[in-house]
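Number of protein chains: 2
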Amino acid sequence: MLMSVDTDLLRVLADPLRLRIVALLARETLCTTHLVAETGARQTNLSNHLKVLRDAGVVDTEPCGRFTYYRLKPDVIAALAGQFAELAETARATAAADRKRACS
Amino acid sequence: MLMSVDTDLLRVLADPLRLRIVALLARETLCTTHLVAETGARQTNLSNHLKVLRDAGVVDTEPCGRFTYYRLKPDVIAALAGQFAELAETARATAAADRKRACS
DNA sequence: TGACAGTATCAGTACATGCTGATGTCAGTC
DNA sequence: GACTGACATCAGCATGTACTGATACTGTCA
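Protein chains in written order, with my numbering: chain A, 389 to 492; chain B, 389 to 492.
The following block contains the structure:
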């Protein structure tokens, strides 16, 4: 039982625009131009966020001529889902057993 | 298919200390004193973070004399796990089908 | 080769937020 | 009722970071 969620990964995903990007990339592999069109954000801003996602290993890039495709890495998200599921499971067991530390 | 992760909840959880608190509360219902002892953080700081968790609906409080027990709400975490699992599933399908939007 | 489009990088700014000390409040105990 | 311990609230400070305009790099096409 690992029982610890990756804080750094969470911080990366805990931004509205980045989460939006991740949701879009989950459905379709896109390049920056598409993301600019979809989100309405400036290119510079998006490029910064994409760099954060790249550095965190959340997305892969695939150059295609002068375009750059961004692809979401499913395993990273799946691992996170698993960590939260495990945490929830532990919490449920704690609630069911009414496990509670006594106050001194 | 909801397909959207709750950004506000993520922001709440994307803090190292708060995530630590959540992990501790998953195993055991505790009061502030215990959390101070476990984390080594100042009482004021912890109280602030606990307020954030309370406001976000991540934890429930149960007053017990002059103590206050904090209990993690498993359903909130489970819902988050479900959202990420769904996202991962979508991403896997996208990768398997190599779904990719053409560059104009 | 020059022009342009897609993308990345850089420096600066503004805002959010995590931490702190001081203080207030409430419950239990002498 | 005075005191102590558990907890919350407040104001101030400091740091991180999201956003921006300017600019550089790279590949494509005329």
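Note that the Cβ used here is the ideal one computed from N, Cα and C, for glycine as well.
Note on B:Thr-478: 16 or more other CB atoms within 10 angstroms of its CB, so buried under the neighbour-count rule.
Between A:Leu-438 and B:Ala-483, the alpha-carbon positions lie close to 19 Å from each other. A:Ala-425 is outside the set of residues whose beta carbon lies under 7 Å from a beta carbon in chain B. The Cβ of A:Arg-442 sits no closer than 7 Å to any Cβ of chain B. Residue pairing for A:Lys-488: DSSP places it in a beta bridge opposite B:Thr-417. Look at A:Lys-439: its C-beta is not under 7 Å from any C-beta on chain B. DSSP places A:Val-447 inside the beta strand (DSSP E), whose first and last residues are 447–452.
Here the C-alpha atom of A:Lys-488 lies approximately 6 Å from the C-alpha atom of B:Leu-418.
Remark: C-beta atoms of B:Ala-444 and A:Ala-476 do not approach each other more closely than 7 Å. In this structure, the alpha-carbon of A:Arg-454 lies about 11 Å from that of A:Thr-420. Flagged as an interface residue toward chain B: A:Glu-416, by a C-beta distance shorter than 7 Å.
Of all residues in the segment 443–457 of chain A, those with a C-beta nearer than 8 Å to a C-beta of chain B are Cys-452, Gly-453, Phe-455 and Tyr-457, reading in chain order. Between the segment 405–412 of chain A and the segment 409–418 of chain B, the count of C-beta pairs closer than 8 Å stays below three; the two stretches do not touch. In this model, B:Val-393 and B:Asp-463 are separated by some 15 Å (Cα to Cα).
Each of A:Ala-425, A:Val-440, A:Arg-430 and A:Gly-428 was checked against the Cα of A:Ala-402, and the nearest Cα belongs to A:Val-440.
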